[in-house]
Every structure is written in structure tokens, then in C-alpha cells.
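Line by line, the protein sequences are chains Y and L. With the first sequence counted from 1, adding 8 to any position gets you our numbering. With the second sequence counted from 1, adding 31 to any position gets you our numbering. Just so you know, even glycine gets a beta-carbon here, dropped at the ideal spot from N, CA and C. All of these numbers come straight from a predicted model, not from anything done at the bench.
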Amino acid sequence: MTDRLVDLQGIGVRLGDTPILRGLVLQVDAGEVIGLVGANGSGKTTLLRVVATLMAPTSGQGRVLGAALTDEARFDIRHRIGLIGHTPALYPNLSLEENTRFIARLAGAGDGMVGAALDQVGLAGARHRRAIQCSHGMQRRAEFARLLITKPDLVLLDEAHAGLDRHAADLVAFIVDGVRSRGGGAMLVSHEHNRMTPLADRVVELRNGAIGTWEAP
Amino acid sequence: MSGFWTQALEIARKDLRTEVRTGEVFLITIPFGAVALMLIPLAVGTETALLRNIGSGMYWTIVLLFGVLVALRQSGVEGTTQEDLLSLLGIDPAARFAGRAGATTLLLLAFELVLGPVALALYDPQPKGWLWIAALIPLVAIGLGLLGTLAAAIATSIASMALVPLLVAPLSVPILLAASQTMDGLRYGNTILGWILLLVTMDLLLAVAGVLSARPLQEASR
């Protein structure tokens with residue numbers, strides 16, 4: 009694995025006439041966990057989508073896991089990125105087990121990992137429940153099970169702590185520790201500073217689409 | 032990471048499982064298709080000879096119109112988060128296309144098979160050449176499945192589902208023509224090979240177009 013997981017140089021993103029990110033410079037090294045804070049609309053989610061190669065920057069250059077953001081090589085590293093966004097990426101009419109098995113099979117992992125992963129995130133008893141019938145916290149846990157199966161090198165968590173009880177929040181720490189121990193890295197977006205800062209090696213603040221210095225409140 | 036066919040199979044399996052749970056096709060689209068077949072005789076009159084003449088054409092028209100709805104069913108359309116999920120699992124967009132088209136084709140096949148007896152009962156089109164019909168039904172289902180899946184992907188990439196009918200209408204004409212002309216050819220003893228060949232060609236062209244455009248359409252939809 010490359011030592012520098014994320015290397016963004018002057019990244020800008022515009023949606024129509026509106027600048028979302030402006031000349032953003034950020035690096036994430038192997039084994040490093042970055043915390044991202046910022047007000048609503050400061051560009052945190054957009055930044056995570058750019059790093060996940062799901063959104064192309066309109067200016068600047070960047071590399072993620074060795075692949076340039078504008079090269080076709082980015083398609084080959086996507087499976088090494090794990091993103092948990094605001095909205096749970098689950099199929100509402102499939103059970104938690106079916107959702108997780110779907111992921112496991114697509115990721116080339118064995119079905120045997122499904123039960124273990126659901127057990128690990130505390131969903132063994134709810135595995136037959138459809139995702140649509142589950143609480144937000146349970147859906148989040150199911151997404152954590154996905155990361156336990158796919159074992160990404162770069163984990164991107166957007167407000168992963170939101171709405172989680174203490175035990176579920178511990179799972180975030182477990183996942184972050186896991187990716188760090190594999191030599192990967194993580195970027196965490198959170199408004200819950202007290203939960204996020206202990207996990208992060210450094211915290212940066214986004215202000216109007218640019219990196220600013222964060223001072224702990 | 033899994034291979035192309037495993038990916039396609041899993042996507043198709045997921046789509047079909049979702050359809051079984053939501054019942055969009057079996058509980059809504061198929062009954063409406065049957066109702067449409069029943070309404071036509073009320074509109075044009077119940078003269079047996081007339082109904083016999085228009086029977087196969089009406090059947091294929093209903094299959095085409097409602098078939099596109101099957102292809103565009105909500106349960107088969109991924110939301111942005113699910114699209115992102117599949118991308119970040121490294122799923123080949125062509126495998127996604129193949130899986131979705133495969134699931135849609137199976138649903139269309141079921142649609143055709145359920146509506147077939149309804150058309151026979153109402154119109155008595157006196158079909159002949161059942162072996163050819165047995166080949167025609169899946170060929171049409173494949174064509175419409177591919178066409179609907181491709182149209183949905185194009186519409187998603189330009190964020191306008193309203194354009195789907197404009198995309199589907201011209202491309203579905205050869206399929207509709209080939210299907211109805213094959214039935215007529217069988218009934219009146221005319222040659223049908225040209226029409227069957229047209230269907231096979233359309234299916235192949237749509238499959239190639241869908242596979243080749245899968246990646247660009249996926250990236251354009253972001």
C-alpha cells in the first residue's frame with residue numbers, strides 16, 4: 009500500500025455557480041485518522057465524495073490510494089474505499105442478513121462472514137428483520153458490518169456517530185482501530201467532537217470549502 | 032472481488048427478491064395489463080372476426096407498453112446511496128446492467144405468460160406454430176428487458192425519467208413489428224424468419240449498447 013493514501017492539491021468543486029470546495033489541500037497518510045469538522049454547508053460531505061472518487065473535482069489535482077482522481081484508474085481502487093454516508097446504503101425490502109450477504113458475495117467474501125459480522129455489530133437477533141423495519145441505529149450497525157466484511161483500506165465516515173448509543177459508538181472506534189492496524193487510514197466527519205477527537209490523529213476544519221485551523225471548543 | 036457473472040447474478044437475485052417483497056409487477060402492473068386487454072374489446076366492439084384479427088397486435092402492444100413500466104419499476108431502480116454502494120464495491124457497471132436486464136427479462140417473461148391466456152380467451156387469435164411462439168416470447172422479453180434497462184440508465188444519467196417514453200418509443204417499434212408480424216406470418220403461413228432475425232439482431236444490438244454504455248452512463252449520473 010502507498011504511504012500517502014490521500015493527496016489533494018488545490019481541489020475545487022463547483023455546483024453550477026456555487027463553489028463548494030475552494031483550493032483545498034489535504035493529505036492523509038497510511039495509519040492516519042483525520043477528523044473533519046465544520047458548519048453545515050461547509051463542504052464536508054462533498055469532500056468525502058471527492059475522496060471516495062464518486063464526485064470529480066472541477067479544479068485541482070488529487071490522488072487517492074495511488075490513483076489520480078481524474079484517471080480511469082480510480083475505478084480500480086474504489087473497492088478499497090468504505091464510505092458510510094448520511095443515508096444508510098441498504099435495500100429497504102431486504103433483511104439485514106440478506107443485505108449483508110449481498111455485500112459479502114459481491115465483495116468475494118464467503119457467506120460464513122455474514123453471521124459473524126452481524127454478531128460483531130450486535131445484530132444477530134435482528135438479522136431476519138427487513139432494513140425498512142429497523143431503527144437508524146440498527147441500520148448504521150448493519151453498515152458497520154459491511155465494513156467488517158469488505159475491510160477497506162480507506163474508511164470515510166460521514167456523521168457516523170449521529171444517533172448512535174454508546175455501544176454502537178464503540179463500533180466506530182473498533183472500525184477505525186481496525187483500518188489503522190491494517191495500515192489504512194480514515195476520515196471522520198462528525199459534529200460530536202467529544203466522540204470524534206479521541207479517534208483522530210488530527211482534526212481539520214472546513215470553512216466555506218477551504219481548510220482552516222481547528223481549535224477545540 | 033467477485034467475477035462478472037457472479038455480480039450480475041447477485042444483482043438479478045436482489046432485484047427479484049425485492050420484487051417478490053413489494054409485488055409491484057405481480058400485484059399492480061400485471062392486473063392493469065389484463066384490464067387493458069379486457070377494455071379494448073369494449074372500445075372496438077365484440078365482433079369475433081375483428082377481435083381475432085387485432086388480437087395478437089393488441090397483446091404485443093400491451094406487453095410493450097406495460098413491459099416498459101416493468102423495466103422502470105421503482106423496486107428495480109437504485110437510489111443514489113445504493114448506486115454509490117455498488118460503485119464502491121467495485122461492481123462492473125456492465126455486470127450491473129446485465130443483472131438488472133436479466134431480472135427485468137424474467138419479470139417480463141412472467142408478464143407475457145400471464146397475459147397470454149387472457150388474450151387467448153378474449154380475442155381467440157387462433158395462433159399457430161407454437162414452437163415458434165415459444166421462441167418468440169423470450170426473444171421479445173429479452174429485447175424489452177434490455178431496452179427498458181438501457182432507457183432507465185440513460186434517463187438516470189440525464190436526471191429526467193420523463194424522457195424515457197421518447198427513448199423507448201422509436202427503439203421498440205422493430206420489436207413490436209417483429210412480434211406481431213411473426214404471429215400473423217404463423218397464422219397465414221407467411222415466412223417469419225426475417226422477423227425472427229430482426230428480433231435477434233435487436234436483442235444483440237441492445238445488449239452490446241447496454242454493456243458498452245454502462246460505465247459512461249454510470250459516471251454521467253453522478
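Are the Cβ atoms of residue i and residue j separated by less than 7 Å?
i, j, result
"I42 of chain L", "R104 of chain L", "no"
"L68 of chain L", "V145 of chain L", "no"
"L73 of chain Y", "I219 of chain Y", "no"
"M27 of chain Y", "G90 of chain Y", "Here the sequence assigns Pro to residue 27 of chain Y, which means Met is not the residue at that position. Cβ distance not < 7 Å, so P27 of chain Y and G90 of chain Y don't count as in contact."
"V199 of chain L", "V99 of chain L", "yes"
"R135 of chain Y", "L102 of chain Y", "no"
"A102 of chain L", "G220 of chain L", "no"
"S188 of chain L", "S252 of chain L", "yes"
"V122 of chain Y", "R137 of chain Y", "no"
"L138 of chain L", "A184 of chain L", "no"
"G46 of chain Y", "K52 of chain Y", "yes"
"T61 of chain Y", "R86 of chain Y", "yes"
"A176 of chain Y", "G133 of chain Y", "no"
"L47 of chain L", "A134 of chain L", "yes"
"R83 of chain L", "D155 of chain L", "yes"
Please compile the residues from chain Y whose C-beta is within a distance smaller than 9 Å of the C-beta of residue i.
i, result
"G64 of chain L", "Those within 9 Å of G64 of chain L in chain Y number zero; the least Cβ separation is about 23 Å."
"Q113 of chain L", "A97, L98 and Y99"
"R104 of chain L", "Here the premise fails: no neighbours, minimum Cβ distance about 12 Å."
Give the straight-line distance between the Cα atoms of residue i and residue j, rounded to the nearest whole angstrom.
i, j, result
"V36 of chain Y", "D185 of chain Y", "16 Å"
"L69 of chain Y", "T95 of chain Y", "A quick correction: the sequence has Gln, not Leu, at residue 69 of chain Y. Q69 of chain Y and T95 of chain Y: Cα-Cα distance of roughly 28 Å."
"N216 of chain Y", "V197 of chain Y", "15 Å"
"G147 of chain L", "Y90 of chain L", "8 Å"
"P72 of chain L", "L153 of chain L", "8 Å"
"A75 of chain Y", "M63 of chain Y", "14 Å"
"T92 of chain L", "L243 of chain L", "29 Å"
"I61 of chain L", "I227 of chain L", "26 Å"
"A208 of chain Y", "Q17 of chain Y", "22 Å"
"D15 of chain Y", "Q141 of chain Y", "40 Å"
"P206 of chain Y", "V187 of chain Y", "16 Å"
In the DSSP assignment, the beta strand (DSSP E) including residue i goes from what residue to what residue?
i, result
"M89 of chain L", "No beta strand (DSSP E) contains M89 of chain L, which is instead part of the alpha helix (DSSP H) from T79 to A102."
"E213 of chain Y", "R210 to R215"
"T60 of chain L", "No beta strand (DSSP E) holds T60 of chain L; DSSP gives it neither H nor E."
"M214 of chain L", "It is not in any beta strand (DSSP E) - M214 of chain L instead sits in the alpha helix (DSSP H) that spans V195 to Y219."
"T221 of chain Y", "A218 to T221"
Would you please verify whether the beta carbon of residue i is less than 7 Å from any beta carbon of chain C?
i, result
"D46 of chain L", "No chain C is part of this structure, whose protein chains are labelled Y and L."
Under 7 Å between beta-carbons, which chain Y residues line up against residue i? List them in chain order, please.
i, result
"I122 of chain L", "L114"
"Q212 of chain L", "Those do not exist, as Q212 of chain L stays about 40 Å from chain Y at its closest Cβ, beyond 7 Å."
Along chain Y, in chain order, which residues have C-beta atoms closer than 8 Å to that of residue i?
i, result
"R127 of chain L", "The premise fails here: R127 of chain L is roughly 10 Å from chain Y at the closest Cβ pair, so nothing lies under 8 Å."
"S33 of chain L", "R113, L114, A115 and G116"
"E41 of chain L", "F110, R113 and L114"
"R52 of chain L", "N101, L102 and R138"
Tell me where the alpha helix (DSSP H) around residue i begins and ends.
i, result
"G160 of chain L", "Where G160 of chain L is concerned, there is no enclosing alpha helix (DSSP H), given that its DSSP letter is neither H nor E."
"G130 of chain L", "P124 to Y154"
"G225 of chain L", "L224 to A251"
Strictly below 8 Å CB to CB, what residues from chain L border residue i?
i, result
"I89 of chain Y", "L119"
"G93 of chain Y", "T112 and D115"
"E200 of chain Y", "Correct list: empty, because the minimum Cβ distance to chain L is about 22 Å."
For a contact defined as C-beta to C-beta under 7 Å, what are the partners of residue i on chain L?
i, result
"R86 of chain Y", "S118, L119 and G121"
"A8 of chain Y", "As shown, chain Y starts at 9 and ends at 225. That puts residue 8 of chain Y outside it, with no answer to give."
* To do: Go through the stretch 108-143 of chain Y residue by residue and report every complete run of the alpha helix (DSSP H) that reaches 4 residues or more, in order.
  => Here the runs fully enclosed are 120-128.
Along the chain, which unbroken stretches of the alpha helix (DSSP H) at least 4 residues long are found entirely within the stretch 15-99 of chain Y? For the stretch 15-99 of chain Y, whole alpha helix (DSSP H) runs of length 4 or above, ordered along the chain, are 52-59 and 82-85.
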